[in-house]
Amino acid sequence: MTSLSTMLAFFLGGHLAALSVDAAEPSLLYGKQLTVPQTMRPELKAAVDDLRVTLKQMTGSDFSSSADGPPAGIILMKADDPQVPSDAIKLLPPDSREACVFWPDGETKLWIISRSDNGLSHAVYLYLEQLGCRWYFPAEHWKIIPQRNDIRIRKPFAIKPAFRSRVFAGSGGFGGNLPLDPKRQLQARWTEWQRRNRFGGEFRVAGHSGEAFNLKHRKELEAHPEWRAMVNGERVPWSLISKFCVGNQDVVDLFVKDRVDDYRLRQKRDPADPHSWAVSVEPADGGGHCTAPESLAIGNTSDRVFHVANQVARAVRKEFPDGKVSLFAYHEHAAVPSIPLEPNVYVQVIPYAFQRTGLTPDQLLDAWSQKVSRMGIYDYWSIPDWSHDLPTFDPLEFGPDRMRGWHRRGVDSFLCESTFSSGAMGPAWYIGSRLSWQPDTDVDALFEEFLRDSFGPAAPPMRQMLTRWSKGFHLTSHELGLSFRDIQDAAKLAERDPAGAARVADYGRYVVYLRLYFEHQLAPRGSAEQRVAAERLMRYMWSIYDSSMIHAFRLSQLLARDERLAGNVELAKTFDWQDQAAPGWKTVQRTTDEQIKKMVDEGVADFQPQDIVGRRFQGPLVRLSTTPAQIKPDSPEPVLFLNNTLEFQLLTNSRDFVFRPRIATELPVQFLITAPDGKQVTAQSIVTGAEWRTEWSTTEVNLPLAGLYRVQIISQKRPFRFSVPADTPLTMSGWTNSQGTPTPKLYFFVPTETTRLAIYTNYIPAGPPRFFDPAGVEVKPDLIDKGHLLILPVPAEHRGKVWSLDRAKSPISPLVMLNAPAAFAFSPEMLSVPQGALPSPKP
839 MTSLSTMLAF
849 FLGGHLAALS
859 VDAAEPSLLY
869 GKQLTVPQTM
879 RPELKAAVDD
889 LRVTLKQMTG
899 SDFSSSADGP
909 PAGIILMKAD
919 DPQVPSDAIK
929 LLPPDSREAC
939 VFWPDGETKL
949 WIISRSDNGL
959 SHAVYLYLEQ
969 LGCRWYFPAE
979 HWKIIPQRND
989 IRIRKPFAIK
999 PAFRSRVFAG
1009 SGGFGGNLPL
1019 DPKRQLQARW
1029 TEWQRRNRFG
1039 GEFRVAGHSG
1049 EAFNLKHRKE
1059 LEAHPEWRAM
1069 VNGERVPWSL
1079 ISKFCVGNQD
1089 VVDLFVKDRV
1099 DDYRLRQKRD
1109 PADPHSWAVS
1119 VEPADGGGHC
1129 TAPESLAIGN
1139 TSDRVFHVAN
1149 QVARAVRKEF
1159 PDGKVSLFAY
1169 HEHAAVPSIP
1179 LEPNVYVQVI
1189 PYAFQRTGLT
1199 PDQLLDAWSQ
1209 KVSRMGIYDY
1219 WSIPDWSHDL
1229 PTFDPLEFGP
1239 DRMRGWHRRG
1249 VDSFLCESTF
1259 SSGAMGPAWY
1269 IGSRLSWQPD
1279 TDVDALFEEF
1289 LRDSFGPAAP
1299 PMRQMLTRWS
1309 KGFHLTSHEL
1319 GLSFRDIQDA
1329 AKLAERDPAG
1339 AARVADYGRY
1349 VVYLRLYFEH
1359 QLAPRGSAEQ
1369 RVAAERLMRY
1379 MWSIYDSSMI
1389 HAFRLSQLLA
1399 RDERLAGNVE
1409 LAKTFDWQDQ
1419 AAPGWKTVQR
1429 TTDEQIKKMV
1439 DEGVADFQPQ
1449 DIVGRRFQGP
1459 LVRLSTTPAQ
1469 IKPDSPEPVL
1479 FLNNTLEFQL
1489 LTNSRDFVFR
1499 PRIATELPVQ
1509 FLITAPDGKQ
1519 VTAQSIVTGA
1529 EWRTEWSTTE
1539 VNLPLAGLYR
1549 VQIISQKRPF
1559 RFSVPADTPL
1569 TMSGWTNSQG
1579 TPTPKLYFFV
1589 PTETTRLAIY
1599 TNYIPAGPPR
1609 FFDPAGVEVK
1619 PDLIDKGHLL
1629 ILPVPAEHRG
1639 KVWSLDRAKS
1649 PISPLVMLNA
1659 PAAFAFSPEM
1669 LSVPQGALPS
1679 PKP
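Sequential numbering of the sequence shown, starting at 839, is according to our numbering.
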């Protein structure tokens, strides 16, 4: 936590403004008065209530509030109120409805000013933050309120958010009135937590609207087959997700009218609601866009979708000059359209998944930034459907880097599909809340403050665990052994700190969840063992529901679905979340901190860490050998059969190196090369056709500079073959390939310090790769966790040398080198590794 005498800096435009809190002054509480607006939206009213209660807890004094009479004490006021000091208004940034100004007026008044209720709500929490308050997770014991006898701010400052809309939501939501939470208390706590951490924004972009349109106008769409999309030469039947024929003006007019009616209703109901800012024109989810001749005449899929968006935009603007429409750049319409866009069309780009442009995410964002002056981002941050609330998201580097990259590109909003899991994403979203206002905020300082505030003397083992997770989490018995020991150590250190002990216990709940999920995953699919593990996991997830450490509702849906597919239909009935009388609910009891302590002790006894230390290797790539590759005459070039994008590095030591790859693909892939100076050398679309399994497409690219080149073959889950001469200085960090097409021999480096090589794979049905020591002798790995964790002994004479593997099968994700660099080449002479993997030169 920032000390009370520290100057806290904030950027205002291009200038630095500052405030300080000086606890050495006599008690000054602004007369224990609050002046508030006469009418307040719900979010501001809740913030004012929070302010009054928090100041009472902080100072021990009651604060009165009034909306009448002359302004006094802490004054919350809209910028258009004539009583606001004119000099304070000058500090308010002109282009944000959420910007706010803090203006001390003598010793007895503090003006807090914004243009909107949302802005004033954020300002309340900004003020409390400066006094030392924190809301780390959505639970009472994760709240930090210091004791203060001075709540003054001494210097004026202003701040505005870097992103005009800052939203995340857990996939699947909360489930409504659940048997264990009929009043939706957990949902209310997450909403409150988001408000306190200044999420929200000037506007909210809605999602798909095609489904609602289809449902509302089903009779008309069924009565007019010519209105429905044509796919493969036939008009599709009505369905919730079907598309309409964009070349048929009658149905387009119906859609335009429907969207204008919706926007008009929003404006009538509550024009200040962020959801009223724009009306969605996003088609129903999925593909199936119309290919009728009259639709194709408009252009490609993006042209057709945005053609309709333009028509709605013009109609909205005709009635509402400031009105806007919104849609995604997504799936089949992710590409930038060739047609001009109306100025009131707001695009939210989905670059990291479900786009079929053949462009990298960065390239797609760059293309859109050339098309529109403002845009939003839709991203996926650790959704439970993919990550199952495992702590796989890096909150210290990946999240901040991505958010800062958006800001640099001019992105002004984000909507992230995520999880309501404090265990998996609590630190990430707390840090993200600060970066979404000030992207240059020191992440390390935020993390250290979180550890210090939350765990006190127990911070060291919690730092060790959370930092290790952030550097690459893989669910193994080894990791569980480490995590249980970290929690046990933290619990001992927090014994005299009840609040810290409660927070450690919450992380204990989370690690026990990781264990039970791990045991369920290891059990044979469809077996009695897995059914027992599934019921144990389901009951436990609901027993820690109110802790917020996991997104229990969504995880329960996913577990019930997976068990049903494996033949276990009873689990969903036993824990039917729509049936209060379902028998499973009678067996669920909230786990106590004492029970969690016992479970953690059991975890320590049951899971023994391996004698390995995970490592990351930094620094520039360095070629291990200066000799040419030893290629036998008539030896075939190595071939990789791949099923997703491949990226690798080429490290050339001379100018004008000629790169001659062979690529075979039935459908087009993008072949991109970026030079050491950041300039693109080539961007090609390559397609071989139906004979791709036996024929090759060849290309030749001159690389004019010496140095490190980045090469990408962008294939969105489409199979292709790739080959280069073995003497190509290529190094790749990983690959995905079909189990039916294992790899040729690939070479990798084992550092001097590695005595036991550790490799993680999430795919085990086809068995592990073959491994060979530097002498070419096969080394059998120890198979831990049924083969997910591979351990190979490394004798002293084979350390600091090049090993090899072959017959690797990684159809889901690449092999993970836990204590060796993720660097593979087709020949030992061409292998390059990060400088940090090599011994330091002797002085």
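Beta carbons are placed, not taken as given, at the ideal position from N, Cα and C, and that holds for glycine.
Bear in mind that the values here come from a model prediction, so they are computed numbers and not experimental data.
Next on the checklist: Rounding to the nearest angstrom, what Cα-Cα distance links residue 1158 and residue 1180 in this structure?
Outcome noted: Roughly 14 Å separates the two Cα atoms.
Item to check | alpha helix (DSSP H) segments (min. 4 residues) lying fully within the region 1303 to 1355 | outcome: Qualifying alpha helix (DSSP H) stretches, in chain order: 1315 to 1331.
Item to check | residue 1490 versus residue 1658: straight-line alpha-carbon distance, rounded | outcome: Going from the Cα of residue 1490 to the Cα of residue 1658 covers about 23 Å.
Next on the checklist: Using DSSP's beta-bridge definition, name the partner residues of residue 1690.
Outcome noted: This structure cannot settle anything about residue 1690, because the visible part of the chain is limited to 839 through 1681.
Checklist entry - Does the Cβ of residue 859 have 16 or more other Cβ atoms within 10 Å, making it buried, or fewer, making it exposed? => result Unreliable placement is indicated for residue 859, whose pLDDT of 39 sits below 50; the coordinate value is still reported in the next sentence. The residue in question, residue 859, is buried, as its Cβ has 16 or more Cβ neighbours within 10 Å.
Item to check | Cut-off 7 Å between Cβ atoms - residues of its own chain near residue 1493, not counting five sequence neighbours on either side | outcome: These residues qualify, in order along the chain: 1542, 1543, 1544.
Item to check | Helix, strand or coil at residue 859 [DSSP, three-state] | outcome: Bear in mind that the predicted position of residue 859 carries a pLDDT of just 39, short of 50, making it too unreliable to give a figure here.
Checklist entry - On the three-state DSSP scale, how would you describe residue 1744? => result Because residue 1744 is not part of the residues shown, which for the chain are 839 to 1681, the question remains open.
Next on the checklist: Closest to residue 1109 by C-alpha separation, out of 1084, 1162, 875, would be which residue?
Outcome noted: Between residue 1109 and the set 1084, 1162, 875, the nearest pair of CA atoms involves 1162.
Checklist entry - Quick one: complete alpha helix (DSSP H) runs, 4+ long, within the region 1194 to 1233? => result For the region 1194 to 1233, whole alpha helix (DSSP H) runs of length 4 or above, ordered along the chain, are 1199 to 1209, 1222 to 1225.
Item to check | Alpha carbon of residue 1268 to alpha carbon of residue 1516, nearest angstrom | outcome: Pairing residue 1268 with residue 1516, the inter-Cα distance amounts to about 33 Å.
Item to check | Supposed contact pair residue 1588 and residue 1460 - C-beta distance, whole angstroms, cut 8 Å | outcome: Contact between residue 1460 and residue 1588 is ruled out by a C-beta separation of about 15 Å, above the 8 Å threshold.
Checklist entry - Of all the options 1626, 902, 1119, 1114, which has the alpha carbon lying nearest to the alpha carbon of residue 1091? => result In terms of Cα proximity to residue 1091, the closest of 1626, 902, 1119, 1114 is 1119.
Next on the checklist: Need the endpoints of the beta strand (DSSP E) that residue 1569 sits in, please.
Outcome noted: Unbroken beta strand (DSSP E) run through residue 1569: 1568 to 1570.
Next on the checklist: Tell me which residues share the same chain as residue 1677 and place their Cβ nearer than 6 Å to its Cβ, disregarding the 5 neighbours each side in the sequence.
Outcome noted: Correct list, in chain order: 1590.
Item to check | Alpha carbon of residue 1308 to alpha carbon of residue 1114, nearest angstrom | outcome: Separation of residue 1308 and residue 1114 (C-alpha to C-alpha, rounded to the nearest whole angstrom) is 38 Å.
Item to check | Entirely enclosed alpha helix (DSSP H) segments - the region 1066 to 1129, minimum 4 residues | outcome: List check, alpha helix (DSSP H) in window: 1087 to 1107.
Item to check | Same chain, Cβ closer than 8 Å to residue 892, neighbours up to 5 away in sequence not counted | outcome: Closer than 8 Å at the Cβ level, and outside the excluded window around residue 892, lie 966, 971, 983.
Checklist entry - Which residues share a DSSP beta bridge with residue 911? => result Beta-bridge pairing links residue 911 to 947.
Checklist entry - Any idea what DSSP makes of residue 1683, helix, strand or coil? => result Any property of residue 1683 remains undetermined from this structure, which presents the chain solely from 839 to 1681.
Checklist entry - Looking at residue 1293 and residue 1300, is the spacing between their C-beta atoms short of 7 Å? => result Against a cut-off of 7 Å, the Cβ pair of residue 1293 and residue 1300 comes out as a contact.
Checklist entry - Is the beta carbon of residue 1102 sitting closer than 7 Å to the one on residue 1040? => result Residue 1040 sits away from residue 1102, with the two beta carbons spaced by 7 Å or more.
Checklist entry - Between residue 1193 and residue 1216, which are expected to be in contact by the criterion C-beta below 8 Å, what is the C-beta distance as a whole number of angstroms? => result Actually they are not in contact, since the Cβ atoms of residue 1193 and residue 1216 sit about 11 Å apart, beyond 8 Å.
Checklist entry - In the region 1233 to 1264, which residue ranges form an unbroken beta strand (DSSP E) of at least 3 residues, counting only runs that do not cross its ends? => result If we require 3 residues or more, the beta strand (DSSP E) runs fully inside the region 1233 to 1264 come out as 1249 to 1256.
Checklist entry - Are residue 1534 and residue 1556 closer than 7 Å when you measure CB to CB? => result No, they are not a contact pair.
Checklist entry - Quick one, which of 946, 1656, 1397 has its alpha-carbon nearest residue 1455's? => result Among 946, 1656, 1397, the Cα nearest to that of residue 1455 is on 1656.
Item to check | Cβ contact check for the region 987 to 999 and the region 930 to 949: 3 or more pairs under 8 Å | outcome: Verdict: yes, contact present.
Checklist entry - From residue 1117 to residue 1045, what distance separates their C-alpha atoms? => result Looking at the two C-alpha atoms, the distance is approximately 10 Å.
Checklist entry - Is the distance from the Cβ of residue 1004 to the Cβ of residue 1051 below 7 Å? => result For residue 1004 and residue 1051, no; Cβs fall outside 7 Å.
Checklist entry - For residue 1314, which residues of its own chain have a beta-carbon under 6 Å away from its beta-carbon, when the five flanking residues on both sides are left out? => result 1623, 1627, listed in sequence order.
Checklist entry - From which residue to which residue does the alpha helix (DSSP H) around residue 1644 run? => result Element bounds for residue 1644: not the alpha helix (DSSP H) but the beta strand (DSSP E), 1639 to 1644.
Item to check | residue 981 - partner residues in DSSP beta bridges | outcome: In the DSSP assignment, residue 981 is bridged to 973.
Next on the checklist: Using a Cβ-Cβ cutoff of less than 7 Å, which residues in the same chain neighbour residue 955 once the five nearest sequence positions on both sides are dropped?
Outcome noted: Cβ neighbours of residue 955 beyond the five flanking positions: 878, 879, 881, 882.
Checklist entry - Excluding five sequence neighbours on each side, which residues of the same chain lie with their C-beta closer than 6 Å to the C-beta of residue 1551? => result Beyond the five residues adjoining it in sequence on each side, residue 1551 comes within less than 6 Å, by CB distance, of 1484, 1507, 1509 in the same chain, given in chain order.
Checklist entry - Should the region 1626 to 1644 be regarded as contacting the region 1610 to 1618, the criterion being three or more beta carbon pairs within less than 8 Å? => result Under the 8 Å Cβ criterion, the region 1626 to 1644 counts as touching the region 1610 to 1618, having at least three qualifying pairs.
Item to check | Integer Cβ distance of residue 1007 from residue 1083, believed to fall under 8 Å | outcome: A Cβ-Cβ separation of about 33 Å leaves residue 1007 out of contact with residue 1083 under the 8 Å criterion.
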